[in-house]
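Student: One structure coming up, written as structure tokens, with questions to follow.
2 protein chains.
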Amino acid sequence: MATLESASGGLYLLLITSLVFSSTSNANFEVPNPWGWTCINETCMKLENVGNHASLMTFSKCKLTCGRDGVLWPKPTGITHIGGETIHFPLEGLTLNGIVTPSQEVEDLAQKAYDIFRANLAKMIPLTENKNGNNHNHMSQIKNRTIAINIDISKSGTATYLTLETNEAYVLNIRPVDDLLTSVSVLASTFFGARHALETLLQLMEYDEEHAALEMVAFAAISDSPKYKYRGILLDTARNFYSVKSIERTLDAMAANKLNTFHWHITDTHSFPLYLENLPDMVYYGAYSPKEVYKTTDIYNLVDYGRVRGIRVMPEFSAPAHAGNGWQWAKNKGLGDIALCLNKSPWSSFCQEPPCGQLNVVNENTYRVLGQIYEEMAVIFGPLDLFHFGGEEINLSCWNTTENITNYMREKGLNRTDDSFIKLWSDFQSKAYGLLVTANKGKHIPGILWASNLTKESLLGMHIDPEHYIIQIGKSEIDSQLKHLLQKGFHIIFSNEDAWSLDCGFGSGYKNEDSSCGGYKGWQAVYNNNPTKITINRTSSFYGDLILGGEATLRSTQTDEQSLDAKLWPRGAALAERLWTNPLHNWEPAETRFIHHRQRMVKRGIQADRIQPQWCHQNEGLCYL
Amino acid sequence: MATLESASGGLYLLLITSLVFSSTSNANFEVPNPWGWTCINETCMKLENVGNHASLMTFSKCKLTCGRDGVLWPKPTGITHIGGETIHFPLEGLTLNGIVTPSQEVEDLAQKAYDIFRANLAKMIPLTENKNGNNHNHMSQIKNRTIAINIDISKSGTATYLTLETNEAYVLNIRPVDDLLTSVSVLASTFFGARHALETLLQLMEYDEEHAALEMVAFAAISDSPKYKYRGILLDTARNFYSVKSIERTLDAMAANKLNTFHWHITDTHSFPLYLENLPDMVYYGAYSPKEVYKTTDIYNLVDYGRVRGIRVMPEFSAPAHAGNGWQWAKNKGLGDIALCLNKSPWSSFCQEPPCGQLNVVNENTYRVLGQIYEEMAVIFGPLDLFHFGGEEINLSCWNTTENITNYMREKGLNRTDDSFIKLWSDFQSKAYGLLVTANKGKHIPGILWASNLTKESLLGMHIDPEHYIIQIGKSEIDSQLKHLLQKGFHIIFSNEDAWSLDCGFGSGYKNEDSSCGGYKGWQAVYNNNPTKITINRTSSFYGDLILGGEATLRSTQTDEQSLDAKLWPRGAALAERLWTNPLHNWEPAETRFIHHRQRMVKRGIQADRIQPQWCHQNEGLCYL
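Have a look at this one:
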């Protein structure tokens with residue numbers, strides 16, 4: 001049946017082609033392509049649709065069915081069986097036939113995930129097609145076809161928010177029942193697996209431009225689960241502000257890639273855009289403007305927006321460095337200086353980048369306020385399963401030039417060596433952890449810290465331990481710290497700058513600083529960055545589950561929402577396949593799927609950057625000979 | 001009066017500030033900033049708006065009035081006098097009081113330019129403010145104030161399209177007549193100068209967020225004219241397609257920067273998106289899809305869209321290389337092979353990048369069709385004052401491996417040395433020029449060619465001459481060719497890749513090619529690139545008017561409309577000041593104006609990339625200490 005459809009489509013195409021080009025009227029070039037595609041050696045090949053090629057496939061059908069993994073992204077890790085035929089169907093033919101879940105809450109989540117899936121499918125249909133009647137849909141099979149979806153979540157799958165224990169596996173089956181009915185079944189241990197299945201299902205569908213109808217593979221059987229538990233994107237909303245809408249778009253793009261952690265670097269020395277009911281002065285002094293603020297309702301909405309898309313929205317409160325503007329009120333209210341070196345000049349003497357700011361760790365009020373901040377964050381971002389403490393780029397000379405601190409050191413009989421200041425920092429971190437537990441109603445959760453001087457081998461046992469902390473590796477610490485951290489049993493998140501810093505390569509943002517950090521990381525470099533392989537190379541051991549995953553970072557020195565999408569995507573998708581699939585191969589075999597996936601993201605409303613000329617998309621593999 | 005306004009504004013601010021933060025309700029942080037600005041040493045400084053600072057300026061007022069050039073971009077080259085006071089006014093208060101022009105056609109253009117100006121001004125007003133009644137506009141002076149604009153174009157200024165002779169100078173005066181009336185006068189020799197004046201006027205206006213009203217400088221006197229005649233942007237719509245809307249947006253952004261040439265690299269080997277009534281098969285075979293086509297009406301519209309914004313939309317028809325897909329029909333119709341090496345594999349043997357394609361210069365049909373193409377282009381892009389022939393990256397081994405060509409060489413008794421092939425190319429170019437003149441109804445116009453082997457010193461006299469050709473310098477030819485080209489009297493356009501290639505630095509687009517071309521060019525590098533200085537350094541002479549100007553190029557290997565704005569802007573604005581103003585200084589003194597100008601472009605709907613954290617925008621000069 002499906003074969004009949006495409007054959008007649010090809011014939012139809014030939015007929016109007018010859019009709020149209022006999023006229024010279026300008027409107028008449030609105031005709032189908034002369035091109036068709038055929039699948040040879042798992043590659044879609046473009047040929048002219050004449051003579052013995054008259055039954056070539058449309059581009060969409062070839063992409064859906066050609067190659068072992070079709071155009072799935074990230075590539076499933078289990079069984080992937082995709083049939084060679086496709087069927088067309090109307091959006092209205094889609095039905096959620098049944099949901100079996102262990103609780104009403106989970107059912108509500110599943111229903112929402114289905115609604116999102118359907119809305120994303122609708123986005124594939126060009127706006128013009130929605131309005132006009134569609135003269136290609138002349139076959140009643142298309143008009144009357146039903147796609148009946150069943151979602152089945154295990155009895156034990158009561159989880160309603162993501163943790164490091166969450167099972168994200170799923171099984172997806174598409175089976176034709178008869179000419180008019182196709183059955184889709186989703187099986188998963190949790191809601192989170194089920195929503196991933198719907199993303200995969202969406203990738204088995206295309207909008208067929210030539211027949212002006214939705215199209216899907218007629219048969220598929222897929223089992224899938226991620227290789228890493230933690231698959232993240234860091235967004236910094238303090239150097240520059242991002243609208244709630246642009247963050248929602250980011251979460252949507254992450255969902256399309258089965259990424260599961262939005263690491264929200266929400267505050268920094270530059271600005272404090274997070275409205276706190278208990279500390280409204282923080283945004284009053286710290287927001288760039290009254291409009292550039294995240295309200296409490298925004299946070300609730302975004303946490304929920306993420307959750308129904310399988311994403312934990314994980315807050316960071318960076319301290320003791322990366323804190324500055326917003327704290328001006330403290331002194332006025334008699335709490336003393338809490339942010340030291342605030343906006344101090346010349347910045348290069350007191351911090352890594354302007355403006356400077358670092359918390360006063362010897363002022364007891366610092367801890368009082370920090371407790372309040374954690375408390376409110378635990379509520380609005382809750383329930384928390386992870387919390388990011390930041391902890392990078394502590395500038396010891398800021399403390400060393402602040403009387404308040406140096407007096408304290410003298411009183412306590414401490415010298416002013418680096419080690420003493422690191423001890424000060426370490427004490428701060430211990431107190432901060434205690435405050436977090438209190439804020440979290442006594443519940444211990446892992447805190448994440450960037451690898452730093454605090455996590456050096458010589459100091460490690462003294463300060464932090466693997467029971468309470470996960471270490472995120474950003475810069476050169478892969479060489480200097482990875483091995484001893486793993487030996488001590490720490491869980492690790494990879495964010496090595498040479499591959500996963502997405503803000504690099506855009507020239508200098510500050511006079512004295514080359515922001516290029518080794519230049520732009522092309523998607524190939526992002527894709528090839530393999531935490532397991534790096535670990536084995538560096539340690540000659542396999543640490544298995546200690547490698548939690550990885551995260552691409554977008555610090556916003558030279559980005560705001562205008563270029564957000566182009567900087568995050570499609571490179572974030574390359575990260576996603578590395579972390580979900582962890583393929584043995586490098587980027588080369590992934591190229592054609594990747595190019596197509598980028599196009600799919602654009603149709604979904606993500607302004608992903610372009611990787612190649614469209615000619616390379618239409619002529620697979622020929623740009624790499 | 002204006003002083004009174006801001007003083008009372010400051011007081012008002014203080015009052016509601018103290019009111020609002022007594023409440024903890026979430027909605028209440030919608031309050032003014034605690035911050036005000038003061039102008040010290042031509043720099044806006046941010047201070048808390050309390051006590052003796054209660055009369056600090058708003059940010060918008062400080063930006064408009066602080067510093068010799070305010071926030072004008074590009075900086076005027078003549079007198080710039082901007083008063084220290086501002087006034088507020090309603091959009092409805094703007095009137096076009098009178099237009100004096102030499103013809104109805106020029107008047108129509110001026111009227112359109114005014115309408116565009118007004119529409120751009122309206123864009124500055126936040127959408128939310130448009131709808132709601134505005135309780136800050138409590139002073140009747142704001143509500144009732146009139147800004148009366150007079151435009152006066154010289155009697156001799158009958159030009160309705162741009163040429164290299166067009167006088168783009170203007171004089172702009174803003175004078176308060178009384179409390180309720182401000183007079184704006186625009187004087188110019190041509191429409192093109194007048195529309196530039198309106199862009200400058202727009203930059204003397206801001207939307208004042210705190211008073212929720214439009215604001216402009218109360219007094220200004222500016223005379224201005226460009227240092228270079230040719231100020232261009234190249235966009236390539238063949239490697240990837242761009243919607244008409246995105247090209248309009250590009251023209252709008254160019255207009256905001258007084259750039260005057262949109263160099264449209266419309267076709268290439270990859271695709272042929274230009275619909276030609278006489279050759280509809282070109283798009284039939286050459287367009288990426290039936291939807292990715294520029295219709296005749298699109299071209300007319302875009303040429304006009306540019307013209308009313310002071311921009312020539314200059315077509316390029318690249319030949320004999322960079323021509324390929326689209327030409328498939330020729331063979332079918334018995335014209336023989338016109339595009340040689342078409343999509344030939346492995347591409348690296350026959351062209352610079354995939355897909356290959358190069359015109360068959362020994363097939364007489366090539367010239368017949370080329371004549372038809374030029375003819376239609378001369379109409380739809382007309383009237384032409386310049387035409388771009390392309391002429392870069394000819395691959396001699398494509399010809400040398402094509403039987404058709406090598407047979408011809410043998411018949412003519414020519415050897416197959418590089419020089420012989422260059423002679424072949426040169427003959428092609430001579431014929432092409434003749435065809436262009438014919439297409440242009442016998443009128444000679446300068447053709448632009450990229451510097452290449454054809455313009456080498458040893459060959460120059462033989463092939464091309466400065467009467468008919470302008471040379472655009474792209475790559476290494478600054479070292480090897482600039483001097484002899486100038487000595488021979490050629491007019492030159494600078495597009496040296498090390499500074500003005502905006503597509504570089506995004507990793508590899510083809511396996512065998514590193515597309516990074518020396519990495520990303522930050523705005524500082526774009527700004528510092530000084531054609532006059534380069535010429536003096538290379539030639540020890542000053543060639544004055546032979547240096548026509550310059551052009552930034554965006555080839556679309558790794559760009560389409562999703563990231564178009566971020567790649568062109570604000571770097572294109574850095575180019576614009578170099579070409580309009582040609583300042584003696586490098587980027588440093590331009591930085592604060594530049595950052596502000598980027599924000600202005602965003603308000604105008606251009607998704608320009610971010611250069612720095614907003615903190616640097618609000619705290620001028622402090623990021624560069």
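For the record, the sequence lines run as chains L and F. 1 is the number of the first residue of the first sequence in UniProt numbering; add one for each residue after it. 1 is the number of the first residue of the second sequence in UniProt numbering; add one for each residue after it. C-beta atoms are modelled at their ideal positions from N, C-alpha and C, and glycine is treated no differently.
Mind checking ALA119/F: buried by the 16 CB within 10 Å criterion, or exposed?
Tutor: Label assigned to ALA119/F: exposed.
Student: Checking contacts by CB at 8 Å: is ILE234/L closer than that to chain F?
Tutor: According to the sequence provided, residue 234/L is Leu. The question's Ile does not apply to it. Cβ-Cβ to chain F under 8 Å: no for LEU234/L.
Student: Check whether the Cβ atoms of HIS88/L and GLU210/L sit closer than 8 Å, and answer yes or no.
Tutor: Taking 8 Å as the Cβ cut-off, HIS88/L and GLU210/L do not qualify as a contacting pair.
Student: Chain F beta carbons: is any one of them nearer than 8 Å to that of TYR624/L?
Tutor: Answer yes: the Cβ-Cβ gap between TYR624/L and chain F drops below 8 Å somewhere.
Student: Let me check understanding here. Comparing Cα to Cα, which of ASP152/F, LEU202/F, LYS227/F and PRO570/F lies closest to SER103/F?
Tutor: When only C-alpha atoms are compared, the closest one is ASP152/F.
Student: For ILE125/L, which residues of its own chain have a beta-carbon under 8 Å away from its beta-carbon, when the five flanking residues on both sides are left out?
Tutor: Around ILE125/L: LEU91, TYR207 and LEU214.
Student: Helix, strand or coil, according to DSSP, for SER189/F in the structure here?
Tutor: Coil, per DSSP.
Student: Identify, in the order they occur along the chain, each residue of the same chain with its Cβ nearer than 7 Å to the Cβ of GLN367/F, setting aside the five sequence neighbours on each side.
Tutor: In the sequence as presented, Gln is not what sits at residue 367/F; that position holds Tyr. So the list reads LYS431 and LEU435, once near-sequence residues are dropped.
Student: Give the interface partners of ALA552/F over in chain L, defined as CB-CB distance under 8 Å, in chain order.
Tutor: What ALA552/F touches in chain L: nothing, since even the nearest Cβ is about 15 Å away.
Student: At which residues does the alpha helix (DSSP H) containing CYS616/L begin and terminate?
Tutor: CYS616/L -> alpha helix (DSSP H) spans 614–618.
Student: Using CA coordinates, which residue listed in GLU85/F, HIS265/F, SER183/F and GLU165/F is at the minimum distance from PHE317/F?
Tutor: Nearest of GLU85/F, HIS265/F, SER183/F and GLU165/F to PHE317/F, Cα basis: HIS265/F.
Student: Measure how close the beta-carbons of THR86/L and THR65/L come, nearest whole angstrom, since I'm counting them as under 8 Å.
Tutor: The Cβ separation is near 6 Å, so the contact holds.
Student: Does the Cβ of ASN240/F have 16 or more other Cβ atoms within 10 Å, making it buried, or fewer, making it exposed?
Tutor: That one is buried.
Student: Under a three-way DSSP split, which group does ARG312/L fall into?
Tutor: If DSSP states are grouped into helix, strand and coil, ARG312/L belongs with the strands.
Student: Which residues, in order along the region 365–383 of chain F, keep a beta-carbon less than 8 Å from a beta-carbon of chain L?
Tutor: Of all residues in the region 365–383 of chain F, none has a Cβ within less than 8 Å of some Cβ in chain L.
Student: According to DSSP, simplified to helix, strand and coil, what is THR146/F?
Tutor: Of the three classes helix, strand and coil, the one that applies to THR146/F here is strand, per DSSP.
Student: Are the CB atoms of PHE192/F and THR166/F within a distance shorter than 8 Å?
Tutor: Contact flag set, yes.
Student: Spell out whether any CB of chain F is found under 8 Å from the CB atom of GLU620/L.
Tutor: Chain F, which has no Cβ nearer than 8 Å to the Cβ of GLU620/L, makes this no.
Student: For a test of the three-state rule: what should DSSP assign to residue 626/F, helix, strand or coil?
Tutor: Examination of residue 626/F is not possible in this model, given that chain F is present from 1 through 625 alone.
Student: Could you tell me whether any Cβ in chain L is nearer than 8 Å to the Cβ of ALA608/F?
Tutor: So yes, ALA608/F belongs to the interface.
Student: Give me whichever residues DSSP pairs with LYS46/L in a beta bridge.
Tutor: Answer is TRP37/L, bridged to LYS46/L.
Student: Should HIS597/L and ALA573/L be called a contact, given that it needs their Cβ atoms to be closer than 8 Å?
Tutor: Yes, these two residues count as a Cβ contact at 8 Å.
Student: Between which two residues does the beta strand (DSSP E) carrying ASP224/F extend?
Tutor: Taken as a continuous stretch (DSSP letters only), the beta strand (DSSP E) holding ASP224/F covers 220–224.
Student: What do you reckon, are the CB atoms on PHE389/L and ALA321/L nearer than 8 Å?
Tutor: Not in contact: PHE389/L and ALA321/L (Cβ atoms no closer than 8 Å).
Student: With DSSP as the reference, label ASN404/L as helix, strand or coil.
Tutor: Helix.
Student: Any residues in the region 265–293 of chain F with a beta carbon nearer than 9 Å to a beta carbon of chain L? Which ones, in chain order?
Tutor: If the cut-off is 9 Å between Cβ atoms, the region 265–293 of chain F has ASP268, THR269, HIS270, SER271, TYR275, GLU277, ASN278, PRO280, ASP281, VAL283, TYR284, TYR285, ALA287, TYR288, SER289, PRO290, LYS291, GLU292 and VAL293 near chain L.
Student: In three-state terms, what does DSSP make of VAL428/F?
Tutor: According to the sequence shown, residue 428/F is Phe rather than Val. PHE428/F: helix per DSSP, three-state reduction.
Student: Is HIS136/L close to chain F? Criterion is C-beta to C-beta, closer than 8 Å.
Tutor: With a pLDDT of only 48 at HIS136/L, under 50, the local geometry of the prediction cannot be trusted, and no value is derived from it.
Student: State the start and end residues of the unbroken alpha helix (DSSP H) segment that holds GLU215/F.
Tutor: GLU215/F -> not in any alpha helix (DSSP H); beta strand (DSSP E) instead, spanning 213–217.
Student: Report the residues of the region 587–604 of chain L with a CB closer than 7 Å to any CB of chain F, ordered along the chain.
Tutor: From the region 587–604 of chain L, only VAL602 have a Cβ closer than 7 Å to chain F.
Student: Given this structure, state the Cα-to-Cα distance separating PRO346/F from LEU622/L, to the nearest angstrom.
Tutor: Cα-Cα distance, rounded: 8 Å.
Student: Would you mind reading off the limits of the beta strand (DSSP E) that contains HIS265/F?
Tutor: 261–265 is the span of the beta strand (DSSP E), which, as asked, contains HIS265/F.
Student: Let me make sure I understand the geometry here. Which of ALA188/F, VAL308/F and LEU94/F has the alpha-carbon closest to that of LEU202/F?
Tutor: Of the candidates ALA188/F, VAL308/F and LEU94/F, the one whose C-alpha sits nearest the C-alpha of LEU202/F is LEU94/F.
Student: Is ASN257/F close to chain L? Criterion is C-beta to C-beta, closer than 8 Å.
Tutor: Chain L contact via Cβ: absent.
Student: Could you give the C-beta distance for GLY326/L and CYS356/L, rounded to a whole number, given that I count them as a contact under 8 Å?
Tutor: With 8 Å as the limit, GLY326/L and CYS356/L do not qualify as a contact, their Cβ atoms being about 14 Å apart.
Student: Three-state secondary structure (DSSP) at HIS196/L?
Tutor: The answer is helix: DSSP assigns HIS196/L an H, G or I state.
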